[in-house]
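Here the structure is laid out as structure tokens; the discussion comes afterwards.
Protein chains: 2
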Amino acid sequence: MTGTDWFSAHRDRLDGALAAIRSRGYYSAFPESPSPRVYGETAAADGKAAFEAHLGTTYPVETPGSDGTVSTEQSPYGLPLQVQYPRTTEAGLDELLAAARKGMIDWRKGGIETRVGVTCEILDRLHKRVFELANAVQFTSGQAFVMAFQAGGAHALDRALEAIAYAYEEMNRYPAEAVWEKPAKGDPIRMQKNFTVVGRGVALVIGCNTFPTWNSWPGLFASLVTGNAVVVKPHPLAVLPLAITVDVCREVLTEAGFDPNLVTLAAEQPGDGLAKPLAQRPEVKLIDFTGGSEFGQWLEQNATQAEVFTEKAGVNAVIIDSTDSFKALCNNLAFTLALYSGQMCTTTQNLFVPAGGIQTDEGPKSFDEVGAGIANSIGKLLADDARAVELLGGIVNPAVISRLEKAPEYGDVVLESRAITHPAFPAAVVRTPLLVAIDAKAEEVYGRECFGPVSFVVRTGGTDESIELFRQTVTAGGAMTAGIYSTSEDVLDTAREAALEVGVALSENLTGQVFVNQSAAFSDFHGTGANPAANATYTDGAYVASRFRVIQSRRHV
Amino acid sequence: MTGTDWFSAHRDRLDGALAAIRSRGYYSAFPESPSPRVYGETAAADGKAAFEAHLGTTYPVETPGSDGTVSTEQSPYGLPLQVQYPRTTEAGLDELLAAARKGMIDWRKGGIETRVGVTCEILDRLHKRVFELANAVQFTSGQAFVMAFQAGGAHALDRALEAIAYAYEEMNRYPAEAVWEKPAKGDPIRMQKNFTVVGRGVALVIGCNTFPTWNSWPGLFASLVTGNAVVVKPHPLAVLPLAITVDVCREVLTEAGFDPNLVTLAAEQPGDGLAKPLAQRPEVKLIDFTGGSEFGQWLEQNATQAEVFTEKAGVNAVIIDSTDSFKALCNNLAFTLALYSGQMCTTTQNLFVPAGGIQTDEGPKSFDEVGAGIANSIGKLLADDARAVELLGGIVNPAVISRLEKAPEYGDVVLESRAITHPAFPAAVVRTPLLVAIDAKAEEVYGRECFGPVSFVVRTGGTDESIELFRQTVTAGGAMTAGIYSTSEDVLDTAREAALEVGVALSENLTGQVFVNQSAAFSDFHGTGANPAANATYTDGAYVASRFRVIQSRRHV
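Protein chains in written order, with the UniProt record's numbering: chain H, 1 to 557; chain L, 1 to 557.
Now the structure itself:
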């Protein structure tokens with residue numbers, strides 16, 4: 001098969017994506033249910049076996065310039081992974097980057113449709129391994145299985161396809177050739193012009209621990225499809241999902257006749273600090289980063305030879321003003337706070353509630369009753385340990401536990417965090433969310449990100465102050481998500497205007513099966529690029545447009 | 001009139017531009033001929049009178065936070081200008097930037113069509129003052145009148161319209177609202193979503209001396225139409241064209257009911273160094289710069305809170321391998337080297353010619369004969385002083401003269417530069433191009449930009465070496481333009497490939513009325529963003545996409 005064959009084979013899927021990014025209606029190319037009715041009776045077991053076959057082995061992926069191997073993963077589930085990967089060090093970067101660049105000319109010459117065909121085929125192959133990937137995501141990130149399958153598999157594939165669709169549309173804004181004919185005295189002046197899409201150079205993708213695929217794939221595929229080579233530097237604690245990804249990329253590139261080193265894995269020993277020297281190499285022209293604000297800002301300020309796309313941290317907020325569905329409000333927020341133990345970059349941290357309470361369909365609720373209502377919903381949702389662990393997953397690293405243990409000091413505990421023993425993985429570290437009531441004046445506490453299962457119920461003077469604190473905290477600390485509950489159109493209007501001004505997406509009165517911490521590919525933007533939490537979004541034109549340049553030639557005809 | 005009225009009024013012009021940026025065929029919305037048959041019998045005289053009315057006066061434009069006035073222009077024609085402008089200093093930036101931001105919310109609320117209508121109306125009003133602008137450009141930049149009318153007026157308007165068209169298309173990639181309907185057990189999940197285009201903040205436009213309008217307008221209008229406020233910091237030697245621009249922007253904004261401080265003029269005293277503190281202000285989110293490489297790089301590396309679009313300097317090259325029209329080759333290059341005394345960022349600096357000479361329609365020509373042919377064409381083109389000055393214009397500043405006077409030392413003079421006394425402006429400094437033959441090994445000379453009427457005929461071992469030197473010099477020093485003359489398809493292919501790899505647009509065998517230093521709006525990209533001479537291009541998707549963000553809200557329906 002060639003890239004253009006694959007382009008034809010995946011044309012319908014691409015067309016669906018292209019239509020969806022224009023309408024921003026519902027679209028999904030990869031079924032999100034891991035049910036055997038969708039994926040077949042043996043898919044789950046086969047995927048699990050494929051995952052388990054990696055354990056204790058050396059992953060068969062070659063990295064130019066690598067030196068020995070590393071084995072750095074420590075599963076939040078306590079499962080010994082012990083997979084070895086080629087180790088990249090600063091000393092190997094010359095060789096790695098030279099190898100990465102080598103295939104770029106042929107990759108450019110392949111043309112737009114070939115590159116889109118190859119990348120769509122990669123997604124298709126990744127989809128065939130989605131259960132294996134789900135296991136890899138689960139046991140590195142600590143996500144529960146269904147979430148790992150969805151966020152780490154099906155939804156990540158949708159996000160990757162979305163990035164490819166945007167890039168395809170962007171590259172096609174320019175004709176491959178044009179005739180320019182200028183009226184002139186006598187004959188018109190005629191010129192033939194050619195326009196070629198050319199990648200920028202080497203793209204670096206820096207993965208994170210919590211969402212190794214979902215957060216890495218949009219940048220990886222946006223860069224690859226636009227003609228760049230991609231070096232993937234995974235988080236040392238979540239290598240396997242990206243090793244599989246790189247493996248599949250290299251397999252498909254090779255089949256299509258391209259240099260497999262167009263996509264490489266650069267695994268490191270923790271403490272090697274490989275990202276900094278890699279990010280500042282002159283060959284590196286694009287960087288996609290997901291992780292902490294400090295290093296994200298360092299990249300933005302220091303890797304100035306590259307276009308830098310960052311998703312960092314924020315202080316996500318929900319303003320609670322009033323509701324006509326108090327129970328549904330509590331249940332909806334409970335799910336958000338419980339999912340993956342609040343370890344999503346989109347989990348709500350701050351719940352702004354008036355000290356005087358709110359109006360609801362159940363009558364007035366005091367400040368304490370609002371907190372108690374949410375706490376009660378969390379309690380019910382997580383009452384059964386065996387079911388709770390399938391929502392909570394495991395705590396990704398010990399720093400989360402440290403923050404969680406310190407957080408009760410900040411105010412009055414509304415709901416204590418509870419340790420749960422995982423029925424299947426007794427070594428897993430599982431915790432339920434902690435809710436702490438805190439005064440509005442303690443902005444030095446809730447104005448900073450407290451990553452993990454910690455949320456603050458912030459006691460404000462009223463909704464006006466809630467909105468003002470929302471503005472202040474998001475302006476200073478950024479936010480990936482925001483929500484409002486209100487029955488008043490005036491309040492909703494004010495909150496919408498505030499959200500526009502501080503640059504964060506707003507979810508209004510979520511009381512059903514949509515949650516403030518979730519974004520749907522093709523329809524919801526993830527992040528905005530308009531506040532300090534992220535300088536880019538999945539996916540818009542700006543996310544793809546600067547990943548390539550158009551080089552023209554012209555001549556008389 | 002409102003913005004939407006103007007949107008309707010200028011719809012045809014916009015539609016023409018939108019079609020052209022997709023086809024990249026010929027389009028122009030603003031006639032380039034200053035002929036009275038096009039613009040009317042009195043237009044030229046009226047425009048000159050309007051320009052002259054400014055001389056010795058205080059320009060009636062208000063700048064918040066300004067303190068006193070400055071008068072900094074020194075015409076290359078020796079004409080005393082003595083126009084006073086409000087002086088902006090670092091102490092006034094708080095007030096200036098607060099005032100700039102004040103109108104942004106209303107400007108965003110106006111919506112896409114209103115902003116496009118307002119900016120198109122600004123172009124229309126600038127077009128009505130095109131002769132006044134042409135005079136202002138002529139007497140500040142030193143361009144001759146016809147060039148100032150075209151490059152500084154009609155073509156600049158086309159480039160501005162092109163930027164508006166790209167921005168309009170980009171903003172319209174996202175629907176204003178959408179209904180998202182996800183299939184689910186029982187009823188589908190339905191959500192209403194709204195998407196709002198929001199500007200990034202304050203945009204800073206840093207103008208240059210040589211093309212105050214052509215190089216400033218694309219960024220100015222791209223930023224304004226996408227919802228940003230714009231602070232225009234002109235070059236101290238070329239303020240008037242941008243003062244008129246800002247004046248017209250403020251006039252139209254006011255008529256449409258918007259805050260005129262959405263566009264402000266920040267004129268400075270030379271030596272104030274206003275650009276640095278301004279560029280690093282947190283309110284500034286977009287910067288467009290045209291000028292020297294050193295400051296451009298400083299901006300790229302230090303104004304990391306902003307998206308920075310730079311056009312800097314390069315070493316533009318033409319490779320001469322062979323030709324079937326030697327006279328036309330010489331005449332075409334002669335025009336390029338003579339126009340505006342080579343003071344264009346697109347003027348060819350390096351002519352790579354094999355030491356063994358080339359094949360032509362007139363038989364073999366030795367290295368010296370190629371140089372002599374071009375020199376002879378320049379001599380003829382500029383033989384008549386009165387006609388010569390209408391091509392050459394004036395030398396923009398004394399630094400150009402210093403470089404010109406030093407350049408003969410670098411090699412063997414093929415054509416001496418000649419001083420011409422301008423018949424109408426005896427104080428004008430006018431010089432013809434200098435041609436210096438130089439050896440290929442002197443890359444430390446021709447590998448750097450020597451801005452002004454200095455070009456090098458570089459003696460190479462053959463076309464292979466010419467192409468290799470072209471690669472090396474453009475990779476290291478960048479280029480805005482490149483050309484090749486060859487009758488061999490193989491050589492043309494090799495040159496095209498080299499141009500793609502080093503990231504510069506290639507003009508092939510130009511022998512007629514198209515010149516390597518000229519780019520046509522809507523069809524030719526100006527700069528590529530793919531080599532060190534510029535990190536952006538006029539205009540592509542990447543030039544507009546990051547000037548705004550899309551902020552969404554969502555709710556169940």
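Beta carbons are placed, not taken as given, at the ideal position from N, Cα and C, and that holds for glycine.
| Check | Outcome |
| --- | --- |
| Alpha-carbon to alpha-carbon, serine 66 of chain L and glycine 207 of chain H | 48 Å |
| For serine 366 of chain H, three-class secondary structure by DSSP | coil |
| Closest by C-alpha distance to leucine 97 of chain L, when choosing among L:Gly186, L:Arg37 and L:Gln280 | L:Gln280 |
| Within 8 Å, strictly: CB atoms of proline 212 of chain H and threonine 140 of chain H | yes |
| Backbone CA spacing between aspartate 464 of chain L and glutamine 349 of chain L [nearest angstrom] | 19 Å |
| Proximity test, Cβ basis, 8 Å: arginine 549 of chain L and chain H | yes |
| Beta-carbon proximity check, glycine 117 of chain L vs phenylalanine 7 of chain L, cutoff 8 Å | yes |
| Contacts of leucine 133 of chain L in chain H (Cβ-Cβ under 9 Å) | Simply none; closest approach about 23 Å. |
| Contacting positions in the segment 247-259 of chain L - beta carbon closer than 7 Å to chain H | none |
| DSSP three-state assignment for tryptophan 298 of chain L, whether helix, strand or coil | helix |
| Simplified DSSP state of glycine 462 of chain L, which is helix, strand or coil | coil |
| Interface partners of arginine 24 of chain H on chain L, CB under 8 Å | Tyr174, Pro175, Ala178, Trp180, Lys193 and Phe195 |
| Cβ of glutamine 150 of chain L within 8 Å of any chain H Cβ | no |
| Top-ranked residue by Cα proximity to glutamate 369 of chain H, from H:Phe131, H:Gly227 and H:Val414 | H:Val414 |
| Contact list for histidine 155 of chain H against chain L, beta-carbon separation under 8 Å | By Cβ distance, chain L contributes nothing, its closest Cβ being about 12 Å from histidine 155 of chain H, past 8 Å. |
| Residues that DSSP places opposite glutamate 251 of chain H in a beta bridge | Answer by DSSP bridge pairing: none, since glutamate 251 of chain H is not bridged. |
| Among H:Ser507, H:Gly314, H:Lys185 and H:Phe367, the one whose alpha carbon lies nearest that of arginine 459 of chain H | H:Phe367 |
| Glutamine 138 of chain L, enclosing alpha helix (DSSP H) - first and last residue | 130-141 |
| Host beta strand (DSSP E) of arginine 555 of chain H (start-end) | 548-556 |
| Identity of the residue in L:Ala267, L:Met147 and L:Leu204 nearest threonine 58 of chain L by Cα | L:Ala267 |
| With 16 other Cβ atoms within 10 Å as the buried cut-off, status of threonine 528 of chain L | buried |
| Simplified DSSP assignment, three categories, for asparagine 172 of chain H | coil |
| As assigned by DSSP and simplified to three states, the class of glycine 47 of chain L | helix |
| Leucine 500 of chain L: contacting residues in chain H (beta-carbon distance under 8 Å) | Arg108, Thr196, Val198 and Ile551 |
| Own chain residues within Cβ distance below 7 Å of leucine 133 of chain H, not counting five before or after | Leu126, Gly152, Gly153, Thr213, Pro241 and Ile244 |
| Identity of the residues DSSP links to leucine 351 of chain H by a beta bridge | H:Val318 and H:Val457 |
| Three-state secondary structure assigned by DSSP to phenylalanine 258 of chain H | coil |
| Coarse secondary structure for glutamine 359 of chain L, derived from DSSP in three states | strand |
| Among L:Lys276, L:Trp107 and L:Val457, the one whose alpha carbon lies nearest that of phenylalanine 295 of chain L | L:Lys276 |
| Beta-carbon neighbours of asparagine 509 of chain H, restricted to chain L and to distances below 8 Å | Arg555 and His556 |
| Beta-carbon spacing of alanine 338 of chain L, proline 433 of chain L below 8 Å | yes |
| Coil, strand or helix - glycine 117 of chain L by DSSP | helix |
| Closest Cα partner of alanine 165 of chain L within the set L:Glu113, L:Ala536 and L:Ala476 | L:Glu113 |
| Glutamate 489 of chain H - containing alpha helix (DSSP H), residue span | 489-502 |
| Cβ-based burial, aspartate 540 of chain L [other Cβ within 10 Å; buried from 16] | buried |
| Contact belief for leucine 500 of chain H with glycine 483 of chain H at Cβ below 8 Å, rounded distance in angstroms | At roughly 15 Å, the Cβ-Cβ gap does not stay under 8 Å, so leucine 500 of chain H and glycine 483 of chain H are not in contact. |
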